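Undergrad:
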């Protein structure tokens, strides 16, 4: 019995076909038979006629496994190697930041090929700069236009000098503003400056406004008003704003916005973070008399002073007088009653008067001494008070906290010469005459 696979035509590359034939017992089950099958001779003749056709590439049939790799895909010709570049030529794809770094290193720091000198007498600094770079500032541009007209009429070709009249600031602040003209600061660098160097940031905003660098000024203000405060930065900004109260920059709108955000953090957010005034406490509402006035339920709460209250009092003691008074009188301070506010204020003032290291800098900036007291006023005066409290009746007096600023006594030195009596010779003669008489 012979089994044929007639459903597939044999490949044109093979001249012989295969057949599977049953054999006698003891022999392999299938053997290879090279004899042509019935009807296969006619098929081979057709295939020979097909092979005689001028075909460029043989096309193998489907579902047939070749015994060797196909060679009908011609390989592409090898590509020519690129021309070699001489070792003396180096191509450098420089970016804008690379050029800025080059201008900053060789132009600003080293002053190479400078054509103008900028001097600032208030900080005793002189800079060798380039007119083409500093004219990015509209202020410098106008000064250069005016200076160029007078410079061309000078007999000798000397380097022109620009003198800037500005208040006393850190030399680093003006150096940073001029360096920004050569290599603009990145956003990440400005964020780091706002968080790590508050004094430099504050002075740089004023210098940018003076030089009309609106982009730098607006970006610093935006970062400053969008950043959150912490305990260290809040105290530093309070000292900066207090010391700049007499400067023109204190009247700017952004300083008022910064002051309000700082007050909200010190009086509301920070006490909540430190849990300085716990709300779960028992309040005494009994009527006690303090002198001739009744407390009307405003008695101090029976709570133990927490660790957060002590930390908040220590931080308040390092604040300048302007912010300390506003924080203690703020209605956002989460105290339970007026007496608790008064007790907390007394504790802050006690720490402040101890001349600790944290409050030493704030005391140096102040020329006043704060005294805490309790004030009893009517309901009409309560509406005008900074720290309003709830009154049980319309006719009863209202107790509020009053912080009074008193000027500090100047330390003097005793001069004995002011108390010495000057003897007169005429007085001595009269005394002797009276004795002899």
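Numbering (my numbering), first residue to last: -17 to 419.
C-beta atoms are modelled at their ideal positions from N, C-alpha and C, and glycine is treated no differently.
Keep in mind the model is a prediction, meaning the values are calculated, not measured.
Beta carbon of residue 157, beta carbon of residue 87: below 9 Å?
TA: Taking the chain shown and counting its residues from 1, one reaches residue 157 at position 175. Taking the chain shown and counting its residues from 1, one reaches residue 87 at position 105. No, the pair does not count as a contact, with Cβ atoms beyond the cut-off.
Undergrad: Once the 5 residues before and after residue 121 are set aside, which same chain residues still bring their CB inside 8 Å of it?
TA: Locating residue 121 in the chain shown gives position 139, where the first residue counts as 1. Excluding sequence neighbours, residue 121 sits near 192, 193 and 194.
Undergrad: Going by the CB atoms, is the gap between residue 144 and residue 205 shorter than 9 Å?
TA: As a working mapping, residue 205 is identified with position 223 in the chain shown. As a working mapping, residue 144 is identified with position 162 in the chain shown. No, they are not a contact pair.
Undergrad: Just to check my reading of the structure: residue 90 and residue 160 have Cβ atoms closer than 8 Å, yes? What is that Cβ distance to the nearest angstrom?
TA: What you label residue 90 is simply residue 108 of the chain shown in a count that begins at 1. What you label residue 160 is simply residue 178 of the chain shown in a count that begins at 1. So it is a contact: roughly 7 Å between Cβ atoms.
Undergrad: Using only alpha-carbon positions, find the residue among 296, 314 and 318 that is nearest to residue 447.
TA: What the structure shows of the chain is the stretch from -17 to 419, and residue 447 is not part of that stretch, so it cannot be assessed.
Undergrad: Select from 177, 186 and 181 the residue whose C-alpha is nearest the C-alpha of residue 208.
TA: For the purposes of this step, residue 208 is taken as residue 226 along the chain shown, with counting starting at 1. Among 177, 186 and 181, the Cα nearest to that of residue 208 belongs to 177.
Undergrad: Per DSSP, residue 115 is paired with what?
TA: As a first step, residue 115 must be located in the chain shown, where it is residue number 133. Per DSSP, none; premise fails for residue 115.
Undergrad: Once you ignore the five residues that flank residue 362 on each side, which residues in its own chain have a CB closer than 7 Å to its CB?
TA: Sequence index remark: in the chain shown, residue 362 carries index 380 (1-based). Confidence is the limiting factor: at residue 362 the pLDDT is only 48, short of 50, which leaves the residue's position unreliable, though a coordinate-based value still follows. Answer for residue 362: no residue qualifies.
Undergrad: Quick one: what's got a C-beta closer than 7 Å to residue 312's C-beta in the same chain, skipping five residues either side?
TA: Numbered from 1 along the chain shown, position 330 holds the residue referred to as residue 312. 245 and 249.
Undergrad: Could you have a look at residue 185 and say whether DSSP puts it in helix, strand or coil?
TA: The residue given as residue 185 occupies position 203 in the chain shown. The answer is helix: DSSP assigns residue 185 an H, G or I state.
Undergrad: Is the separation between the beta-carbon of residue 227 and that of residue 304 shorter than 9 Å?
TA: Working through the chain shown from its first residue, we reach residue 227 at position 245. Working through the chain shown from its first residue, we reach residue 304 at position 322. Yes, the pair counts as a contact, with Cβ atoms nearer than the cut-off.
Undergrad: What's the call for residue 188, buried or exposed, on a 16-neighbour Cβ count within 10 Å?
TA: Your numbering for residue 188 matches position 206 in the chain shown. With 16 or more other Cβ atoms within 10 Å, it is buried.
Undergrad: Is the distance from the Cβ of residue 172 to the Cβ of residue 201 below 9 Å?
TA: Reading the chain shown from its first residue, position 190 is the one you call residue 172. Reading the chain shown from its first residue, position 219 is the one you call residue 201. For residue 172 and residue 201, yes; Cβs fall inside 9 Å.
Undergrad: Kindly list the residues whose CB is nearer than 6 Å to the CB of residue 299, restricted to its own chain and excluding five residues on each side of it in sequence; keep chain order.
TA: Counting from one through the chain shown, the residue named residue 299 turns up at place 317. When the five nearest sequence neighbours on each side are left out, the beta carbons in the same chain lying within less than 6 Å of the beta carbon of residue 299 are those of 330, 333, 334 and 341, in order along the chain.
Undergrad: Of the choices 255, 182, 234 and 222, whose alpha-carbon is the least far from that of residue 212?
TA: Position 230 of the chain shown, counting from 1, holds the residue named residue 212. Comparing Cα positions, the closest option is 255.
Undergrad: When you compare the CB positions of residue 288 and residue 258, do they come within less than 9 Å of one another, or not?
TA: Position 306 of the chain shown, counted from the start, is the residue given in the question as residue 288. Position 276 of the chain shown, counted from the start, is the residue given in the question as residue 258. Their beta carbons are under 9 Å apart, which means residue 288 touches residue 258 by this criterion.
Undergrad: Mind checking residue 102: buried by the 16 CB within 10 Å criterion, or exposed?
TA: Walking along the chain shown from the start, residue 102 turns up at place 120. Buried is the call here.
Undergrad: For residue 224, which residues in the same chain have their Cβ closer than 7 Å to its Cβ, ignoring the five residues on either side in sequence?
TA: Within the chain shown, residue 224 is the residue found at index 242, counting from 1. Result list for residue 224: 302, 304, 305 and 347, in chain order.
Undergrad: Examine chain D for any beta-carbon lying closer than 9 Å to the beta-carbon of residue 318, and answer yes or no.
TA: Note that chain D does not occur in the displayed structure, where there is just one protein chain.
Undergrad: Could you have a look at residue 109 and say whether DSSP puts it in helix, strand or coil?
TA: As a position in the chain shown, residue 109 is number 127, starting the count at 1. DSSP places residue 109 in strand when its eight states are reduced to three.
Undergrad: Between which two residues does the alpha helix (DSSP H) harbouring residue 197 extend?
TA: Along the chain shown, read from residue 1 onward, the residue named residue 197 stands at position 215. 196 to 208 is the span of the alpha helix (DSSP H), which, as asked, contains residue 197.
Undergrad: CB-CB under 6 Å to residue 290, same chain, minus the five flanking residues each way: which ones, in chain order?
TA: Position 308 of the chain shown, counted from the start, is the residue given in the question as residue 290. Correct list, in chain order: 256, 257 and 258.
Undergrad: Buried or exposed: where does residue 399 fall if 16 or more other Cβ atoms within 10 Å of its Cβ makes it buried?
TA: Within the chain shown, the letter at position 417 stands for residue 399. It counts as exposed.
Undergrad: Using the Cβ count rule (16 or more neighbours within 10 Å means buried), how would you classify residue 307?
TA: As a working note, residue 307 is residue 325 in the chain shown. With 16 or more Cβ atoms within 10 Å of its Cβ, residue 307 is classed as buried.
Undergrad: What's the call for residue 168, buried or exposed, on a 16-neighbour Cβ count within 10 Å?
TA: Residue numbering aside, residue 168 sits at position 186 when the chain shown is read from its first letter. So residue 168 ends up on the exposed side.
Undergrad: Taking 7 Å as the limit between beta carbons, can you name the residues of its chain near residue 183, skipping five residues before and five after?
TA: Counting from one through the chain shown, the residue named residue 183 turns up at place 201. Result list for residue 183: 175, 176, 202 and 206, in chain order.
Undergrad: Suppose you measure from the CA of residue 127 to the CA of residue 190; what does that come to, to the nearest Å?
TA: Along the chain shown, read from residue 1 onward, the residue named residue 127 stands at position 145. Along the chain shown, read from residue 1 onward, the residue named residue 190 stands at position 208. If you take the alpha carbons of residue 127 and residue 190, they lie about 20 Å apart.
Undergrad: Please list the terminal residues of the continuous alpha helix (DSSP H) segment that includes residue 218.
TA: Looking up residue 218 in the chain shown gives position 236. Here the alpha helix (DSSP H) through residue 218 covers 213 to 225.
Undergrad: Do residue 355 and residue 385 have their beta-carbon atoms positioned less than 9 Å apart in this structure?
TA: Here residue 385 corresponds to residue number 403 of the chain shown, with the count starting at 1. Here residue 355 corresponds to residue number 373 of the chain shown, with the count starting at 1. The answer is yes: Cβ separation under 9 Å.
Undergrad: Give me, in chain order, the residues of the same chain whose beta-carbon lies closer than 6 Å to that of residue 104; leave out the 5 immediate sequence neighbours on both sides.
TA: Counted from its first residue, the chain shown places residue 104 at position 122. So the qualifying residues of the chain are 148 and 150.
Undergrad: Around the Cβ of residue 114, are there at least 16 other Cβ atoms within 10 angstroms (buried) or fewer (exposed)?
TA: Along the chain shown, read from residue 1 onward, the residue named residue 114 stands at position 132. Residue 114 should be labelled exposed.
Undergrad: Along the chain, where does the alpha helix (DSSP H) that runs through residue 292 open and close?
TA: As a working mapping, residue 292 is identified with position 310 in the chain shown. Run containing residue 292: 289 to 299, per the alpha helix (DSSP H) assignment.
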